[in-house]
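Peer 1: Position one of the sequence shown corresponds to residue 1 (the working numbering), numbered consecutively onward. C-beta: ideal position from N, C-alpha, C; glycine also.
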Amino acid sequence: MKALEEKILQEGEVVDGDILKVDGFVNHQVDALLMEEIGKDMAEHFKGQGITKVFTIESSGIAPALFTAKELGVPLVILKKQQTADSLKTEVWQTEVVSYTKDTSYRLTLAKNYISDEDHVLIVDDFLANGEAATGAIRLIRKAHATVAGLGVLIEKAFQPGHEKLESQGIHVYAQASIQAFEDGKVVF
Ligand code: 5GP
Numbered sequence: 001m002k003a004l005e006e007k008i009l010q011e012g013e014v015v016d017g018d019i020l021k022v023d024g025f026v027n028h029q030v031d032a033l034l035m036e037e038i039g040k041d042m043a044e045h046f047k048g049q050g051i052t053k054v055f056t057i058e059s060s061g062i063a064p065a066l067f068t069a070k071e072l073g074v075p076l077v078i079l080k081k082q083q084t085a086d087s088l089k090t091e092v093w094q095t096e097v098v099s100y101t102k103d104t105s106y107r108l109t110l111a112k113n114y115i116s117d118e119d120h121v122l123i124v125d126d127f128l129a130n131g132e133a134a135t136g137a138i139r140l141i142r143k144a145h146a147t148v149a150g151l152g153v154l155i156e157k158a159f160q161p162g163h164e165k166l167e168s169q170g171i172h173v174y175a176q177a178s179i180q181a182f183e184d185g186k187v188v189f
C-alpha cells in the first residue's frame with residue numbers, strides 16, 4: 001500500500017537492528033486518516049469471505065482493526081494481554097505468547113462469550129515478525145472451534161519467518177507493506 005510505504009519511509013525509524021519504530025503514526029500517536037485508509041484497503045482485500053469478526057491484539061492493532069471492522073460491518077474483538085479484575089469473573093480462553101519487542105511472554109486472553117463455533121475470524125495486527133502473536137490468536141480461535149479467514153498486517157518483516165510459518169499452516173497472509181531488509185538503518189521494500 002503506497003501511502004503506508006511512504007509514511008514508513010518518511011517517519012519510520014530502525015532501532016536495535018531489526019525493529020521499526022512507528023510510534024508517530026501507529027503505536028503511540030495514531031494517524032487516524034491513514035488508519036481509515038488502511039482499514040478500507042484491508043476490508044477490500046478480505047471482503048466476500050463471510051467474515052463475522054475482526055480480532056486484534058492490544059494495543060497497537062486496535063486502530064487499524066477498528067476501521068477494518070467498520071468497513072466489513074462486523075464487531076472488533078480485542079485480545080487482552082493482561083487480565084483485568086472483571087475478566088477474572090468471566091470464562092476465558094487463554095494461551096501463552098512470546099513478545100517480540102519485550103523479550104517476555106504474556107497470556108493472551110479471550111472471553112468465551114465473544115466467540116462461537118460459527119465465527120469466521122480475520123486477525124489484524126500492526127506487525128508480523130516471527131508470527132508468535134498471530135499464532136497465539138489462531139490457537140484461541142481454534143480452541144473455540146471457530147475458523148480463521150486470514151491475517152492482515154500493516155507491516156511484515158519478510159526477512160523474518162512469520163509469513164512463511166503461517167502460510168505453511170494454510171493461513172492466508174496479507175501484508176500492506178512488506179519489508180525485505182533494513183540496510184544501514186534504512187527500510188528496503
Ligand atoms: P511476532 O509475534 O510476529 O514475532 O511479532 C509481532 C508483534 O511484535 C506485533 O504485534 C508487534 O507489536 C511486535 N513487533 C514485531 N516486530 C516489530 C517491529 O519491528 N516494530 C514494532 N513497533 N513492533 C514489532
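What residue ranges within the segment 32-91 form continuous alpha helix (DSSP H) runs of no fewer than 4 residues, ordered along the chain?
Peer 2: Here the runs fully enclosed are 32-46 and 62-72.
Peer 1: Thinking just about the alpha-carbon of each residue, which of T68, E5 and E164 is nearest to the one in E36?
Peer 2: Among T68, E5 and E164, the Cα nearest to that of E36 is on T68.
Peer 1: Please determine, among V14, G50, H163 and L110, the residue with the shortest C-alpha to C-alpha distance to L140.
Peer 2: Ranking V14, G50, H163 and L110 by Cα distance to L140 puts L110 first.
Peer 1: Can we count A129 as close to the ligand 5GP, meaning its CB is less than 7 Å from some heavy atom?
Peer 2: It does: the Cβ of A129 is within 7 Å (strictly closer) of some heavy atom of the ligand 5GP.
Peer 1: Beta-carbon within less than 7 Å of Q94's beta-carbon, same chain only, minus the 5 sequence neighbours each way: which residues are those?
Peer 2: Counting only Cβ-Cβ distances below 7 Å, and skipping sequence neighbours, we find R107, L108 and T109.
Peer 1: Between G24 and the ligand 5GP, is there a pair consisting of the residue's CB and a ligand heavy atom that are separated by less than 7 Å?
Peer 2: Because no heavy atom of the ligand 5GP lies under 7 Å away, the Cβ of G24 does not count as near it: no.
Peer 1: Flag K21 as yes when its Cβ comes closer than 7 Å to any non-hydrogen atom of the ligand 5GP, and as no otherwise.
Peer 2: Checking every heavy atom of the ligand 5GP against the Cβ of K21, one is found closer than 7 Å.
Peer 1: What residues match up with Y174 in a beta bridge as DSSP calls it?
Peer 2: Y174 is bridged to G152.
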